[in-house]
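All remarks here apply to the structure that follows.
Residue numbers (this note's numbering), protein chains in the order written: chain E, 688 to 906; chain G, 741 to 1481.
Structure, rendered in structure tokens:
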């Protein structure tokens, strides 16, 4: 078992093809487990595939939302909206991940300390696991968990259970909208004017995820 | 969806605060006027009433987006606010703008504009959640600062709400007040209009989309985005770096491309060291502008600059996110962070006498900026602070204020450049008569200079004006500084039109200078004559301050408008038709951007950083964007013609509101200092920006000819109005005797 601590301390590798679970998976995917118990079958698990995940560095994010726009432009009908973007900047933009607090001036967000903490899909398996239609599957090339529109019925289970709250249901098509990694060349990263959002391999993501997690806490 | 076009949301929201009635109407009524400013001017024309004041119930205020807002087009998140403006003589119509994320959210909610009319009996705020639009009680918000207003409404609606609000300045009917949206973005001059209507704020959540025309593919949108990124520079389209960089053939101190070696986002949790910012590195675009070092100096900026910021869809990021811990520890503010740009930081600095870079200046700009924004005070492009600084330097306040008020102001703090002064200063302006006794200083600065001067620019006794005395006394001020001797003013009656430091440019409107004769000579001067406030026009600045050598800029200018369009800096030649064409082009593009709504601080892009393109840009990008987003295939000229329709309507409405058929003599008049400064130099000498009276009259002749305006009066002719489908405007003006024969 590779724990987050062990990984960080020993520089251990996250190998392609390995099934991980426990703290490391929780850490990388934000699935919320704190258990290192390998026998706990309720813990989130993830199979590491080629490709990786998108993570935003909140130090570098300048809040332009071009990532949201490029995401909207890149999928299906050209209808721009934070609602149809698979990356979510607006939801933490003004007051940070915990919304308006009494001490909002000290919290994250444009009205707080100026730090913007966008949310991205970490390609965990939660949405895939909870989908009653089995409409979400793994793209073996990119590792992205992708929605099959012909199977999706827009029930919203995936959106409700998403640990990052980055899945939405399109109001018009009633289909689930989740990050598909743009076939391995994500448009959000291409248009970011500071390189704040990047596509990381699982291994390289560790440090970035840890940095991102730091900004999710109340200040 | 009823809207068959891309871009436009399809509906305009009309909110009557008197009746509480909220209705929707189609945007298609306004398509000939593009959107944004065009909607604002059409609504004000259609609802014109003679002689009303900005704060009268009959006045309307329009908050409008354009067809590009929210579409993702680069730099397309401006919001235009149009109404009569109390800072302007006769309360003529003006349009102000803010950026941020408000207009995209308005579009996502399904609306292109909000028309606010009437007056609520009690304070209210407008809540918009897609189709659900309600007026909510705002009694508990009345008197609350802007920042807490944003927080309170966001708590009620959810933090994804985009909120615009007025502060105590607008509530107290202070003319120099703003409407602001979160992140320090403010539109000047109309805060008191909302205050008079008792509308504290608007909160919007839009969960819909801005649709792009069905004929447009995603690949086309990305291709145009990439094309723009290949020619866009830094703020104001500076296309060469401010300091030498190894990749750049040129560098120039006029360029706002300030990011480069030595620049650090030092207040970031992990400081970011920029190094070089090559033009073709798409993931350093947001590092180019780094304007903090311009406002604070490099040493200070590298300590307090956290990151750049700005508006939805803009990669350039002209705003500065600043962290100054002393705001909290020493000045007892609730935050140590502030974001703003330009006058948001410069107005406090001007007011305090323009101290040099250093910690004291940093404190003045951050603390002063906080109070300005929290109270919702408008600088009128620095005019407010110019008056404060100049009257202090001239010891006028000692004469103008009652003795006890003068004694109560902490002038020692002012002299010591102590930023604690900022609290009292901006509070005086925001609270007017309800603050600290007579408060002549705050009431005067907040009301707008035009109220306090006669036709010669001489000041009345301030209290007589504030007390509405029928025959006010004159203040009897004289020029008495040593430096006045140089200009042979010493001992003469003081006039704001003679004082070059006050920068009153348009004599009749008492409007401030904004990239006028100091920028491109007669071109800047002419475009500052037409608008009722400073025109906020950067069309020319984006070319002339791009940083390329003068010869290259002159070559581009000549190719666009003819020989002699752009003179060497501070070495002006006589007026010519090329300059008139240049001036008209600047205004048309300005109006186009305020209608689309696109940033005129970034567009147009006549030049680029790309040596392979011979540094040339592309002036047709706006029409390419418009065509792709709306699906209405429109050439650059066709779109410019639509913008000119709005510009012609702007002029006609000014004629109607002034009830004045002679704009030439009663609107387009410059202050004396423009012609009289640098007494040892003549117009045309190297090193001076002074204009010549006869030459400017020639300039008006040529400009009117380009605009299709009557030469004698400067009023659009019937032929011109009809050319732009404004026959109904001609009919109305003719019926009132306001149309040239």
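Here a beta-carbon is modelled for each residue, glycine too, at the ideal position from N, C-alpha and C.
Out of the options, which one is the CA nearest neighbour of residue i?
i: residue 1184 (chain G); options: G:1165, G:1196 and G:1392; result: G:1165
i: residue 1452 (chain G); options: G:1009, G:864, G:1406 and G:1418; result: G:1406
i: residue 1219 (chain G); options: G:1232, G:1213 and G:1227; result: G:1232
i: residue 752 (chain G); options: G:836, G:1321 and G:851; result: G:851
i: residue 778 (chain E); options: G:900, G:1140 and G:1210; result: G:900
i: residue 1216 (chain G); options: G:1222, G:1136, G:1163 and G:1167; result: G:1136
i: residue 1289 (chain G); options: G:928, G:915, G:979 and G:933; result: G:979
i: residue 872 (chain E); options: E:758, E:787, E:897 and E:788; result: E:758
i: residue 808 (chain G); options: G:1341, G:1332, G:1470 and G:1457; result: G:1332
i: residue 1039 (chain G); options: G:1298, G:1005 and G:1049; result: G:1005
i: residue 1118 (chain G); options: G:1027, G:1083, G:744 and G:1456; result: G:1083
i: residue 853 (chain E); options: E:832, E:859 and E:860; result: E:832
i: residue 1032 (chain G); options: G:747, G:863, G:1058 and G:1013; result: G:1058
I need the DSSP call for residue i, collapsed to helix, strand or coil.
i: residue 1341 (chain G); result: coil
i: residue 1170 (chain G); result: helix
i: residue 837 (chain G); result: strand
i: residue 1228 (chain G); result: coil
i: residue 743 (chain E); result: strand
i: residue 764 (chain E); result: coil
i: residue 1008 (chain G); result: coil
i: residue 1353 (chain G); result: helix
i: residue 872 (chain E); result: coil
i: residue 1370 (chain G); result: helix
i: residue 886 (chain G); result: helix
i: residue 757 (chain G); result: coil
i: residue 684 (chain G); result: Any answer about residue 684 (chain G) is impossible in this case: the structure gives chain G only from 741 up to 1481.
i: residue 1289 (chain G); result: coil
i: residue 1214 (chain G); result: strand
i: residue 775 (chain E); result: strand
i: residue 725 (chain E); result: Because residue 725 (chain E) sits at a pLDDT of 49, beneath the cut-off of 50, its placement in the model cannot be relied upon, and the point is left open.
i: residue 689 (chain E); result: Since pLDDT at residue 689 (chain E) reaches only 38, below the 50 mark, its modelled position is unreliable, and no value is offered.
i: residue 1459 (chain G); result: helix
Which residues in the same chain have their Cβ closer than 6 angstroms to the Cβ of residue i, if we skip the five residues on either side of it in sequence?
i: residue 1427 (chain G); result: 1310
i: residue 931 (chain G); result: 906, 909, 910, 917, 918, 919 and 1116
i: residue 1274 (chain G); result: 1121, 1251, 1252 and 1254
i: residue 762 (chain G); result: 755 and 873
i: residue 721 (chain E); result: Confidence at residue 721 (chain E) is low in this model, with a pLDDT of 44, below 50, so the placement of that residue should be treated as unreliable; the coordinate-derived value is given next. Answer for residue 721 (chain E): no residue qualifies.
With a CB to CB cut of under 8 angstroms and the five nearest residues on each side skipped, what residues in its chain are close to residue i?
i: residue 1315 (chain G); result: 1262, 1435, 1436, 1438, 1439 and 1442
i: residue 838 (chain E); result: 820, 821 and 822
i: residue 1476 (chain G); result: 1396 and 1399
i: residue 1213 (chain G); result: 1200, 1201 and 1204
With DSSP as the reference, identify every bridge partner of residue i, one or two as the case may be.
i: residue 928 (chain G); result: G:918
i: residue 1117 (chain G); result: G:917
i: residue 1489 (chain G); result: The structure shown does not extend to residue 1489 (chain G), since chain G is modelled only from 741 through 1481, so no value can be given for it.
i: residue 876 (chain G); result: G:865
i: residue 886 (chain E); result: E:741
i: residue 824 (chain G); result: G:833
i: residue 1413 (chain G); result: Per DSSP, none; premise fails for residue 1413 (chain G).
i: residue 981 (chain G); result: G:997
i: residue 804 (chain G); result: G:820 and G:853
i: residue 1358 (chain G); result: G:1345
i: residue 765 (chain G); result: G:752
i: residue 944 (chain G); result: G:868 and G:902
Can you give me the Cβ contacts of residue i inside the same chain, cut-off strictly under 7 angstroms, excluding the 5 residues immediately before and after it?
i: residue 947 (chain G); result: 848 and 870
i: residue 835 (chain G); result: 777, 780, 820, 821, 822 and 1334
i: residue 993 (chain G); result: 982
> Does the count of Cβ pairs from the segment 1191 to 1206 of chain G and the segment 1233 to 1250 of chain G closer than 8 angstroms reach three?
Replying inline: Yes, the segment 1191 to 1206 of chain G touches the segment 1233 to 1250 of chain G.
>> Closer than 8 angstroms is the cut-off here; do at least three beta carbon pairs connect the segment 929 to 947 of chain G with the segment 969 to 988 of chain G?
In response: Put simply, the segment 929 to 947 of chain G does not touch the segment 969 to 988 of chain G. Fewer than three CB pairs are less than 8 angstroms apart.
>> Contact between the segment 1322 to 1341 of chain G and the segment 953 to 964 of chain G is defined here as three or more beta-carbon pairs at a separation below 8 angstroms; is this criterion met?
In response: No: the two stretches stay apart, fewer than three of their Cβ pairs being nearer than 8 angstroms.
> Within the chosen definition, does the segment 873 to 891 of chain G reach the segment 823 to 830 of chain G through at least 3 CB pairs nearer than 8 angstroms?
Replying inline: No, the segment 873 to 891 of chain G does not touch the segment 823 to 830 of chain G.
> Is there contact between the segment 752 to 767 of chain E and the segment 862 to 878 of chain E, where contact requires at least three CB pairs shorter than 8 angstroms?
Replying inline: Put simply, the segment 752 to 767 of chain E touches the segment 862 to 878 of chain E. At least three CB pairs are less than 8 angstroms apart.
>> Three Cβ pairs or more, each shorter than 8 angstroms: is that satisfied between the segment 1348 to 1356 of chain G and the segment 789 to 805 of chain G?
In response: No, they do not touch.
> So, do the segment 1140 to 1151 of chain G and the segment 1103 to 1119 of chain G have three or more beta carbon pairs nearer to each other than 8 angstroms?
Replying inline: These segments do not touch.
> Would you say the segment 786 to 803 of chain E touches the segment 824 to 831 of chain E, given that touching needs at least three Cβ pairs under 8 angstroms?
Replying inline: Flag = no, the segment 786 to 803 of chain E and the segment 824 to 831 of chain E do not touch.
> Between the segment 1002 to 1019 of chain G and the segment 1029 to 1039 of chain G, do three or more beta carbon pairs fall short of 8 angstroms?
Replying inline: Output reads yes: the segment 1029 to 1039 of chain G touches the segment 1002 to 1019 of chain G.
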